[in-house]
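> Quick note on UniProt numbering: the sequence shown kicks off at 1 and runs consecutively.
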Amino acid sequence: MREYQVQLLERMQAARTNSGARVNQLGVLIGAERFLLDLTQAGEIVPVPPVTVVPLTQPWYLGLANIRGNLVGLIDFARFQGGSETQAGPDSRIVTLATHLGFNCGLLVARVYGLRHAGDMEVVGDRLRDTDANEWIPLDLAALVTDARFLHVGF
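1. When DSSP labels each residue in this structure, what does Ala-21 get in the three-state scheme?
2. Just to confirm before moving on: does the CB-CB distance between Trp-60 and Arg-34 stay below 8 Å?
3. Would you call the region 51-68 and the region 132-147 touching, i.e. three or more CB-CB distances under 8 Å?
4. Mind checking if Leu-39 is an interface residue toward chain B, Cβ cutoff 8 Å exclusive?
5. Using DSSP's beta-bridge definition, name the partner residues of Phe-35.
6. For the alpha helix (DSSP H) holding Leu-151, just list the boundary residues, first then last.
7. Assign Thr-86 to one of two classes, buried (16 or more other C-beta atoms within 10 Å of its C-beta) or exposed (fewer than that).
8. For the beta strand (DSSP E) containing Arg-79, list its first residue and its last residue.
9. Helix, strand or coil for Thr-40 per DSSP?
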């Protein structure tokens, strides 16, 4: 598993530095939906760490976790969108937001699918459909951190 994460990180970094390359995005499962995250907006992918619950916060705000010495707020994005609670399982990961977004935050994802090439997908409304007929929702993390509801985790 560690080797897979190292390879994925190397591919993500290569995609970030190669501006003329195909548009690769990180495919993840959040709730029951598949999402595509822009690699320039995603940070690290880490196993789900122990979480310290913060009282008087929204149900979708899972709490704080220590990720490599940094306090990171963890979000259940499926619940933020009004869906059911994401249960952390063996395939679950935290995808942190890129540091340039200025927000120490991570999203709980049920599964990481790896790199996907959005340019090869068919546009269907606000979604993309791959050759296996899977639908993907592009998720703009930069827009998410400016959402007023997202910024107010307290009651």
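C-beta atoms are modelled at their ideal positions from N, C-alpha and C, and glycine is treated no differently.
According to the structure shown:
1. Annotation note: pLDDT 44 at Ala-21 (below 50); position unreliable, coordinate value reported separately. DSSP places Ala-21 in the coil class of the three-state scheme, outside both helix and strand.
2. No, they are not a contact pair.
3. At 8 Å Cβ cutoff, the stretches do not touch.
4. Going by chain labels, chain B is absent from the structure shown, which holds only one protein chain.
5. Paired residues: Val-28 and Ile-137.
6. Note, Leu-151: alpha helix (DSSP H), 148-151.
7. Classification for Thr-86: buried.
8. According to the DSSP assignment, Arg-79 belongs to no beta strand (DSSP E) but to the alpha helix (DSSP H) extending over 77-80.
9. Looking at Thr-40 - three-state DSSP - the assignment turns out to be coil, as it is neither helix nor strand.
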